[in-house]
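Undergrad: Per the numbering used here, the very first residue in the sequence shown carries number 1; after that it's consecutive.
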Amino acid sequence: MKEPRDNTQFVKIEHAAQILRAGDVVAMPTETVYGLAGNAQSDDAVVKIFETKSRPRFNPLIVHCATREMVEAIAEFPPLADILADKFWPGPLTMVLPKRDDAALSDLVTAGLDTVAIRMPKHEMARELIRQAGFPVAAPSANPSGKLSPTTAQHVLDGFEGRVPVIDGGPATEGVESTIVAVHDDQLILLRPGTISREALTEATGRSVLDPQDKTIKAPGMLLSHYAPNAAVRLNASDCVDGEAALNFGNSELTSAKAKLNLSAEGDLAEAARNLFSYLRKLDQAGVHTIAVAPIPELGLGEAINDRLRRAAADRN
Ligand code: TXA
Ligand code: MG
1 MKEPRDNTQF VKIEHAAQIL RAGDVVAMPT ETVYGLAGNA QSDDAVVKIF
51 ETKSRPRFNP LIVHCATREM VEAIAEFPPL ADILADKFWP GPLTMVLPKR
101 DDAALSDLVT AGLDTVAIRM PKHEMARELI RQAGFPVAAP SANPSGKLSP
151 TTAQHVLDGF EGRVPVIDGG PATEGVESTI VAVHDDQLIL LRPGTISREA
201 LTEATGRSVL DPQDKTIKAP GMLLSHYAPN AAVRLNASDC VDGEAALNFG
251 NSELTSAKAK LNLSAEGDLA EAARNLFSYL RKLDQAGVHT IAVAPIPELG
301 LGEAINDRLR RAAADRN
């Protein structure tokens with residue numbers, strides 16, 4: 001049973017900044033998904049993030065910054081990173097960069113790696129929170145590990161059953177987690193597709209974007225079954241069997257007596273990304289054993305949508 005909605009768990013930015021300064025965690029809106037924020041300089045705060053999510057400690061966190069000064073105190077910044085920052089920050093791009101030797105960061109944030117994942121969110125409330133806190137903020141998605149990422153404040157309250165205070169910044173406008181790209185001198189490696197597409201990265205830099213050779217090292221979180229609803233997920237469905245819910249895209253026509261939604265009737269991939277996690281949640285609430293999903297083109301933002309769907313459909317043991 002769900003806890004009743006508790007308004008005391010909705011907090012203003014000023015209060016949230018106090019919570020962060022006191023070494024506690026708070027959920028913040030970003031344009032991609034809501035994040036579970038804590039002081040990236042504090043071992044205690046970072047431990048609280050891992051514990052709240054039940055996240056394995058070997059899976060490093062993204063550090064969120066409000067300014068370029070904050071970023072440059074943490075990471076080395078090769079020219080290619082400069083180009084990407086000018087073009088895409090603030091916004092839904094995370095860069096994995098060499099960590100500076102003198103970076104003031106908890107070692108738990110990077111899980112002992114010599115690189116650090118950094119992003120400057122576009123959502124004004126996220127950057128204002130970081131500015132008011134006065135330090136960079138570590139923030140994984142604000143959901144129990146392995147579950148669907150939250151795209152509304154209510155999703156956060158539901159996921160943690162009201163145990164984590166949240167700033168309500170409205171529904172996320174992007175809807176899937178940031179694109180993660182590792183910048184190695186003059187090479188770009190796509191660790192996680194997002195709404196900033198592979199094509200957009202190439203257009204901005206003139207470089208082709210490589211795939212990781214060894215995903216276990218480059219992005220530890222990426223191998224696991226992830227972003228999973230309670231129901232099983234069946235991809236590239238051309239029809240629905242009895243008892244399944246249907247998730248359509250464009251003019252696909254999966255029908256279901258249980259529950260049916262269309263990610264974007266117009267076939268707009270940005271709209272589909274925005275709706276993805278909340279529609280999976282809604283179909284899950286119909287109590288079905290399986291959600292059948294129509295094919296989605298693997299182009300542009302489609303790569304990020306299909307990546308999340310494949311993880312939702314992956315083996316869960
Ligand atoms: O949109 C987003 O990125 C959201 C919002 C809250 O900003 N955050 C998010 O964080 O999705 P999380 O923790 O769910 O995903 C971070 C990913 C993980 O797969 C982790 O393995 C990878 O980033 N990562 C973090 N640091 C890394 C590093 N130094 N090298 C490679 N991968 C890293
Ligand atoms: Mg996550």
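Ideal Cβ placement from N, Cα and C applies to all residues, glycine included.
As the structure is a prediction and not an experimental result, all values here were calculated from the model.
How would you label residue 333, buried or exposed, when you count the other beta carbons within 10 angstroms and need 16 or more for buried?
TA: Nothing about residue 333 can be read from this structure; the chain reaches only from 1 to 317.
Undergrad: So residue 149 and residue 277 are in contact, right, with Cβ under 8 Å, and what is the actual spacing, rounded?
TA: Here the question's residue 149 lines up with position 149 in the sequence shown. Here the question's residue 277 lines up with position 277 in the sequence shown. Yes, residue 149 and residue 277 are in contact; Cβ-Cβ is about 6 Å, under 8 Å.
Undergrad: Kindly examine the ligand TXA and report whether one of its heavy atoms sits closer than 7 Å to the Cβ of residue 92.
TA: In the sequence shown, the residue the question calls residue 92 occupies position 92. It does: the Cβ of residue 92 is within 7 Å (strictly closer) of some heavy atom of the ligand TXA.
Undergrad: Roughly how many angstroms lie between the CA atoms of residue 106 and residue 237, to the nearest whole one?
TA: Counted from its first residue, the sequence shown places residue 106 at position 106. Counted from its first residue, the sequence shown places residue 237 at position 237. So the two alpha carbons sit approximately 45 Å from each other.
Undergrad: At a cut of 8 Å, does the region 176 to 185 reach the region 65 to 73 through at least three beta carbon pairs?
TA: Segments in contact, no.
Undergrad: Can you pull the DSSP bridge partners for residue 248?
TA: If you number the sequence shown from 1, residue 248 lands on position 248. Per DSSP, 262.
Undergrad: Can you list, in chain order, the stretches of the beta strand (DSSP E) that have 3 or more residues and sit fully within the region 58 to 87?
TA: The DSSP assignment places 62 to 64 as complete runs of the beta strand (DSSP E) inside the region 58 to 87, in order along the chain (cut-off: 3 residues).
Undergrad: So, does the region 193 to 205 touch the region 171 to 178, judging by three or more C-beta pairs under 8 Å?
TA: yes
Undergrad: Pull up the distance between the alpha-carbon of residue 34 and that of residue 154, whole angstroms please.
TA: Counting from one through the sequence shown, the residue named residue 34 turns up at place 34. Counting from one through the sequence shown, the residue named residue 154 turns up at place 154. Going by the C-alpha atoms only, they are around 10 Å apart.
Undergrad: If I follow the unbroken alpha helix (DSSP H) through residue 296, where does it start and stop?
TA: Taking the first residue of the sequence shown as 1, we reach residue 296 at position 296. No alpha helix (DSSP H) contains residue 296, which DSSP labels as neither H nor E.
Undergrad: In chain order, what residues of the same chain have a beta carbon less than 6 Å from the beta carbon of residue 303, not counting five sequence neighbours either side?
TA: Counted from its first residue, the sequence shown places residue 303 at position 303. Cβ within range, chain order: 193.
Undergrad: Buried or exposed for residue 121, please, with buried defined as at least 16 other CB atoms from any protein chain shown within 10 angstroms of its CB.
TA: Taking the sequence shown and counting its residues from 1, the one referred to as residue 121 is at position 121. Counting C-beta atoms within 10 angstroms of its own C-beta, residue 121 has 16 or more neighbours from the protein chains shown and is therefore classed as buried.
Undergrad: With DSSP as the reference, please indicate the residues paired to residue 94 in a beta bridge.
TA: Taking the sequence shown and counting its residues from 1, the one referred to as residue 94 is at position 94. Beta-bridge pairing links residue 94 to 119, 180.
Undergrad: Any idea if residue 383 is buried or exposed, counting beta-carbon neighbours within 10 angstroms, 16 or more meaning buried?
TA: This structure leaves residue 383 out entirely; the chain is present only between 1 and 317.
Undergrad: Put residue 218 into one of helix, strand or coil per three-state DSSP.
TA: Within the sequence shown, residue 218 is the residue found at index 218, counting from 1. The pLDDT assigned to residue 218 is 49, lower than 50, so where the model puts this residue is not dependable, and the model offers no usable value.
Undergrad: Span of the alpha helix (DSSP H) holding residue 196?
TA: For the purposes of this step, residue 196 is identified with residue 196 of the sequence shown, where counting begins at 1. Residue 196 -> no alpha helix (DSSP H), and no H or E assigned at all.
Undergrad: With distance defined between alpha-carbon atoms, name the residue in 312, 316, 20 nearest to residue 131.
TA: Here the question's residue 131 lines up with position 131 in the sequence shown. Minimum Cα distance to residue 131 is reached at 20.
Undergrad: Taking the Cβ atom as the reference point for each residue, do residue 37 and residue 139 lie within a distance shorter than 8 Å?
TA: For the purposes of this step, residue 37 is taken as the residue at position 37 of the sequence shown. For the purposes of this step, residue 139 is taken as the residue at position 139 of the sequence shown. Closer than 8 Å, so yes.
Undergrad: Among 12, 15, 230, 265, which has the Cα closest to the Cα of residue 282?
TA: Taking the first residue of the sequence shown as 1, we reach residue 282 at position 282. Nearest C-alpha to residue 282: 230.
Undergrad: Please state if the CB of residue 244 and the CB of residue 294 are separated by a distance shorter than 8 Å.
TA: For the purposes of this step, residue 294 is identified with residue 294 of the sequence shown, where counting begins at 1. For the purposes of this step, residue 244 is identified with residue 244 of the sequence shown, where counting begins at 1. Not closer than 8 Å, so no.
Undergrad: So what does residue 39 bridge to, in DSSP terms?
TA: Your numbering for residue 39 matches position 39 in the sequence shown. Per DSSP, 137.
Undergrad: To the nearest angstrom, how far is the alpha carbon of residue 300 from that of residue 62?
TA: Translated into positions along the sequence shown, residue 300 becomes position 300. Translated into positions along the sequence shown, residue 62 becomes position 62. Spanning the two alpha carbons is a distance of roughly 23 Å.
Undergrad: Helix or strand or just coil, what does DSSP make of residue 27?
TA: Along the sequence shown, read from residue 1 onward, the residue named residue 27 stands at position 27. Correct three-state label for residue 27: strand.
Undergrad: Should the region 8 to 16 be regarded as contacting the region 156 to 174, the criterion being three or more beta carbon pairs within less than 8 Å?
TA: yes
Undergrad: To the nearest angstrom, how far is the alpha carbon of residue 133 from that of residue 17?
TA: As a working mapping, residue 133 is identified with position 133 in the sequence shown. As a working mapping, residue 17 is identified with position 17 in the sequence shown. Pairing residue 133 with residue 17, the inter-Cα distance amounts to about 5 Å.
Undergrad: Does the beta carbon of residue 52 fall short of 7 Å from some heavy atom of the ligand TXA?
TA: Indexing the sequence shown from 1 puts residue 52 at position 52. Flag unset: Cβ of residue 52 not near the ligand TXA.
Undergrad: Let me know the secondary structure DSSP gives residue 126 once reduced to three states.
TA: Indexing the sequence shown from 1 puts residue 126 at position 126. Helix at residue 126.
Undergrad: Rounded to the nearest angstrom, what separates residue 135 and residue 56 at their Cα positions?
TA: Position 135 of the sequence shown, counted from the first residue, corresponds to residue 135. Position 56 of the sequence shown, counted from the first residue, corresponds to residue 56. The alpha-carbon atoms of residue 135 and residue 56 are separated by roughly 24 Å.
Undergrad: Just to confirm my understanding: we take residue 308, look at its own chain, exclude 5 residues before and 5 after, and list those with CB closer than 7 Å. What are they?
TA: Against the sequence shown, residue 308 aligns to sequence position 308. So the qualifying residues of the chain are 176, 227, 276.
Undergrad: Go through its chain and collect everything with a Cβ distance to residue 113's Cβ below 8 Å, but skip five positions before and after it.
TA: Locating residue 113 in the sequence shown gives position 113, counting from the first residue. Result list for residue 113: 60, 99, in chain order.
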